[in-house]
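Asker: This is the structure I have questions about; it appears just below.
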Amino acid sequence: MPLLWATLSAVLLPVATPTMLPAQAAKEKKDKAEKAPKTPKTPKLDSAGDAVAKKAPNPRLFRSELPFDVTLTLNMKQIKRDKQQDAPWRTASISYTDSSGKKVSVPIRAKTRGVWRLKHCDFPPLRLKFGGKTADGTEFANLEEPKLVGYCRNTAQYEQYNLQEAQLYRVYRQLTELSHKVRILRIAYADSATGTVETTRYGFLIEDPAQMAERVGGKILDRKGATADDVDPAHTAMAYTFLYFIANTDVSFNGLHNGEIVMLANGTYAPVGYDFDFSGVINAHYAGTDPSLPIRSVRTRLFRGWCAHEAAYPAVYEIFKAKRPAIEALYADTIGKLIAPGTVKGTLSYFEEFYKDIRTPESAKKALLNDCLK
Numbered sequence: 001m002p003l004l005w006a007t008l009s010a011v012l013l014p015v016a017t018p019t020m021l022p023a024q025a026a027k028e029k030k031d032k033a034e035k036a037p038k039t040p041k042t043p044k045l046d047s048a049g050d051a052v053a054k055k056a057p058n059p060r061l062f063r064s065e066l067p068f069d070v071t072l073t074l075n076m077k078q079i080k081r082d083k084q085q086d087a088p089w090r091t092a093s094i095s096y097t098d099s100s101g102k103k104v105s106v107p108i109r110a111k112t113r114g115v116w117r118l119k120h121c122d123f124p125p126l127r128l129k130f131g132g133k134t135a136d137g138t139e140f141a142n143l144e145e146p147k148l149v150g151y152c153r154n155t156a157q158y159e160q161y162n163l164q165e166a167q168l169y170r171v172y173r174q175l176t177e178l179s180h181k182v183r184i185l186r187i188a189y190a191d192s193a194t195g196t197v198e199t200t201r202y203g204f205l206i207e208d209p210a211q212m213a214e215r216v217g218g219k220i221l222d223r224k225g226a227t228a229d230d231v232d233p234a235h236t237a238m239a240y241t242f243l244y245f246i247a248n249t250d251v252s253f254n255g256l257h258n259g260e261i262v263m264l265a266n267g268t269y270a271p272v273g274y275d276f277d278f279s280g281v282i283n284a285h286y287a288g289t290d291p292s293l294p295i296r297s298v299r300t301r302l303f304r305g306w307c308a309h310e311a312a313y314p315a316v317y318e319i320f321k322a323k324r325p326a327i328e329a330l331y332a333d334t335i336g337k338l339i340a341p342g343t344v345k346g347t348l349s350y351f352e353e354f355y356k357d358i359r360t361p362e363s364a365k366k367a368l369l370n371d372c373l374k
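Residue numbering for the sequence shown follows full-length UniProt numbering, starting at 1 and increasing by one per position.
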């Protein structure tokens, strides 16, 4: 059978603003019907019509996965003090040396973002803004506002956390196109006030959500409240199985916490997870679980998917089984070799436990679906 999560290319019709999820829209329609006469329906997302979907960008930076050396220059003292949620954009630049040996510098703006890492990290996570045409012809052409995951603390351990998290994005990409691309960067952090390089560490850029959605022929739905009735079963089964695979419970598609809903051109809604540093497979020393959950360690897997989608899971398990060699190969390639050998061994062993869980329909039901949410 054809895979529903293959790359989609279709057309979009205008959607009412704000966009309603199907279940929410149905309830609102019923309430209004009791108070007012019927009015003409607003057009919904469709796959037919004259409006053509915006052509998906193809940023040069994400065409390769090989590590890329860059220098990020900004006022280090100033950006480290920007701990508030509404911090302003700051002047910055990002530069690299091209294949001819020429230095290429692109002016950008940067601002702090995040929640836990913003509060606890010595160097905060950033969002970078590539405006106008200043990046045209460079490795950063067509980028919009990607997230940068830089060093949290200037230690080898935290650098390893970054590499492990970037690797999980790459694993996700092996399983579905509905996932974010990433690019590993070896970043020299230069202080614009002094001209000195404070440190050089591995980090990564994450594909902008809007560009990810456009790539699969859809758009981001910026509305909370998704239920099992709203989202596509196959896409949702993939998302929740991946989260179980890496042992990540720090996500809510209903609340749009570390998760997005993509509105696809065929009228379906698909969840996409991101931000995996609290996952059990990484086991960062700072990672913890929500007190409301029946687990006390991030290493303990807990399935959080909806029972309503149970029929969609067997096909997803088969994809995980078919992709296992490709997933394991990632840990032996150029990026995989940046991760400590002992960590690689432990990661693959942790994945092996998942494959035992889905070995048979009975074992999968016991390990995953018996804990599904009604």
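Where a beta carbon is used, it is the ideal one built from N, C-alpha and C, also for glycine.
Just so it is clear, the structure is predicted and the values come from calculations on it, not from any experiment.
Just list the residues that DSSP pairs residue 263 with in beta bridges.
Answerer: Residue mapping note: residue 263 aligns to position 263 of the sequence shown, counting from 1. Residue 263 pairs with 219 and 269.
Asker: When we look at the beta-carbon of residue 237 and count the other beta-carbons within 10 Å, is it buried (16 or more) or exposed?
Answerer: Working through the sequence shown from its first residue, we reach residue 237 at position 237. So residue 237 ends up on the buried side.
Asker: Could you tell me if residue 358 is buried or exposed, where buried requires 16 or more neighbouring beta carbons within 10 angstroms of its beta carbon?
Answerer: The residue given as residue 358 occupies position 358 in the sequence shown. With 16 or more Cβ atoms within 10 Å of its Cβ, residue 358 is classed as buried.
Asker: If you check the beta carbons only, do residue 201 and residue 269 fall under 9 Å apart?
Answerer: Reading the sequence shown from its first residue, position 201 is the one you call residue 201. Reading the sequence shown from its first residue, position 269 is the one you call residue 269. In this structure, residue 269 does not lie closer than 9 Å to residue 201 by Cβ.
Asker: Can you name the residues that DSSP bridges to residue 306?
Answerer: Numbered from 1 along the sequence shown, position 306 holds the residue referred to as residue 306. Note: residue 306 sits in a beta bridge opposite 373.
Asker: Considering only the alpha carbon of each residue, which of 89, 262, 62 and 303 lies closest to residue 373?
Answerer: Here the question's residue 373 lines up with position 373 in the sequence shown. Closest by alpha carbon: 303.
Asker: In this structure, what does DSSP give as the bridge partners for residue 358?
Answerer: Along the sequence shown, one-based indexing puts residue 358 at 358. Note: residue 358 sits in no beta bridge, so no partner.
Asker: Let me know the beta strand (DSSP E) ranges lying completely inside the region 73 to 110, each 3 residues or longer, listed in chain order.
Answerer: 90 to 97
Asker: Under 9 Å between the Cβ atoms of residue 287 and residue 272?
Answerer: Within the sequence shown, residue 287 is the residue found at index 287, counting from 1. Within the sequence shown, residue 272 is the residue found at index 272, counting from 1. It is not a contact, given that the beta carbons lie outside the stated cut-off.
Asker: Is it buried or exposed for residue 196, if we count other Cβ within 10 angstroms and need 16 for buried?
Answerer: Counting from one through the sequence shown, the residue named residue 196 turns up at place 196. By the C-beta density criterion, residue 196 is exposed, having fewer than 16 other C-beta atoms within 10 angstroms.
Asker: What are the boundary residues of the beta strand (DSSP E) that includes residue 198?
Answerer: Position 198 of the sequence shown, counted from the first residue, corresponds to residue 198. Here the beta strand (DSSP E) through residue 198 covers 197 to 206.
Asker: How many angstroms separate the CA atom of residue 158 from the CA atom of residue 71?
Answerer: What you label residue 158 is simply residue 158 of the sequence shown in a count that begins at 1. What you label residue 71 is simply residue 71 of the sequence shown in a count that begins at 1. Going from the Cα of residue 158 to the Cα of residue 71 covers about 19 Å.
Asker: DSSP state of residue 133, grouped into three classes?
Answerer: Reading the sequence shown from its first residue, position 133 is the one you call residue 133. Correct three-state label for residue 133: coil.
Asker: Give the list of continuous beta strand (DSSP E) stretches no shorter than 3 residues that lie fully inside the region 119 to 181.
Answerer: 126 to 129 and 147 to 149
Asker: Determine the contact status of residue 244 and residue 354, defining contact as a CB-CB distance below 9 Å.
Answerer: What you label residue 244 is simply residue 244 of the sequence shown in a count that begins at 1. What you label residue 354 is simply residue 354 of the sequence shown in a count that begins at 1. In this structure, residue 354 lies closer than 9 Å to residue 244 by Cβ.
Asker: With which residues is residue 189 paired in a DSSP beta bridge?
Answerer: Residue numbering aside, residue 189 sits at position 189 when the sequence shown is read from its first letter. According to DSSP, residue 189 bridges with 72 and 199.
Asker: Please state whether the Cβ-Cβ distance between residue 146 and residue 128 is less than 9 Å.
Answerer: Here residue 146 refers to the residue found at position 146 of the sequence shown. Here residue 128 refers to the residue found at position 128 of the sequence shown. Yes, the Cβ-Cβ distance between residue 146 and residue 128 is below 9 Å.
Asker: What separation, rounded to the nearest whole angstrom, lies between the Cα atoms of residue 282 and residue 247?
Answerer: Taking the first residue of the sequence shown as 1, we reach residue 282 at position 282. Taking the first residue of the sequence shown as 1, we reach residue 247 at position 247. The straight-line gap from Cα to Cα measures roughly 9 Å.
Asker: For residue 360 and residue 314, what's the separation of their Cα atoms in angstroms?
Answerer: The residue you call residue 360 lines up with position 360 of the sequence shown. The residue you call residue 314 lines up with position 314 of the sequence shown. The alpha-carbon separation between residue 360 and residue 314 amounts to approximately 10 Å.
Asker: The ligand ADP and residue 114: does any heavy atom of the ligand fall closer than 8 Å to the residue's C-beta?
Answerer: This structure simply doesn't include the ligand ADP, nor any ligand for that matter.
Asker: Nearest-angstrom Cα distance between residue 208 and residue 180?
Answerer: As a working note, residue 208 is residue 208 in the sequence shown. As a working note, residue 180 is residue 180 in the sequence shown. If you take the alpha carbons of residue 208 and residue 180, they lie about 8 Å apart.
Asker: Roughly how many angstroms lie between the CA atoms of residue 73 and residue 284, to the nearest whole one?
Answerer: Along the sequence shown, read from residue 1 onward, the residue named residue 73 stands at position 73. Along the sequence shown, read from residue 1 onward, the residue named residue 284 stands at position 284. About 28 Å.
Asker: State the DSSP-derived secondary structure class of residue 235, mapped to helix, strand or coil.
Answerer: Taking the sequence shown and counting its residues from 1, one reaches residue 235 at position 235. Helix.
Asker: Which residues bound the alpha helix (DSSP H) around residue 62?
Answerer: Here residue 62 refers to the residue found at position 62 when the sequence shown is read from its first residue. Annotation: residue 62 is outside any alpha helix (DSSP H) and is labelled neither H nor E by DSSP.
Asker: On a CA-only basis, which of 326, 205, 85 and 90 is nearest residue 163? Give me that one, please.
Answerer: The residue you call residue 163 lines up with position 163 of the sequence shown. Nearest C-alpha to residue 163: 205.
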